[in-house]
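In this note's numbering, the protein residues as written are 20 to 187.
Encoded structure:
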């Protein structure tokens, strides 16, 4: 099982999470790609995908994913399993927390199996388009406000454990 981890990052935090995910899965099991430098063929070679994004502005999709969105719509994801992670700031942008992940979900959800949903409890936000049926559509991370508490590291470990089951 080889996993393709594709991230879009404006400040580097989504890339840090991609690298941590690769370390948790093992470098022999996962490849990391910056979506800014990726093409359709790179995405298509994996049966298991993780797409990671930050949220930019007030709930906007990250620029690199926005640029890749037309290509993403052309990729046949129907036989693949895709997990999502999103970064946001639930204190400053409480009403658009991880909305970038929600936008990415809306691009792919009808054409693939999305796995790795994450509980929405224990967060301090007021709204998010990344919540469907009471859960986040993927791992929601507030790196700026939660990283120093060790919370992000534990979230990554727990999510990878979940994905190892979902990716079977």
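Ideal Cβ placement from N, Cα and C applies to all residues, glycine included.
Ranking 160, 176, 153 by CA distance to the CA of residue 32 puts 160 first.
The three-state reading of DSSP puts residue 149 in coil, since its state is none of H, G, I, E or B. Shown here, residue 116 sits in coil according to DSSP, grouped into three states, outside any helix or strand. For the options 83, 131, 172, 115, the alpha carbon positioned closest to that of residue 155 is the one of 115. Closest in alpha carbon position to residue 67, among 54, 50, 78, is 50. Residue 142 sits close to residue 109, with the two beta carbons spaced by under 7 Å.
Close CB contacts of residue 163 within its chain, under the 8 Å cut and outside five residues either way in sequence, are with 32, 108 (chain order). In the structure shown, residue 141 adopts coil according to DSSP, grouped into three states.
DSSP places residue 103 in no alpha helix (DSSP H) but in the uninterrupted beta strand (DSSP E) bounded by 100-106.
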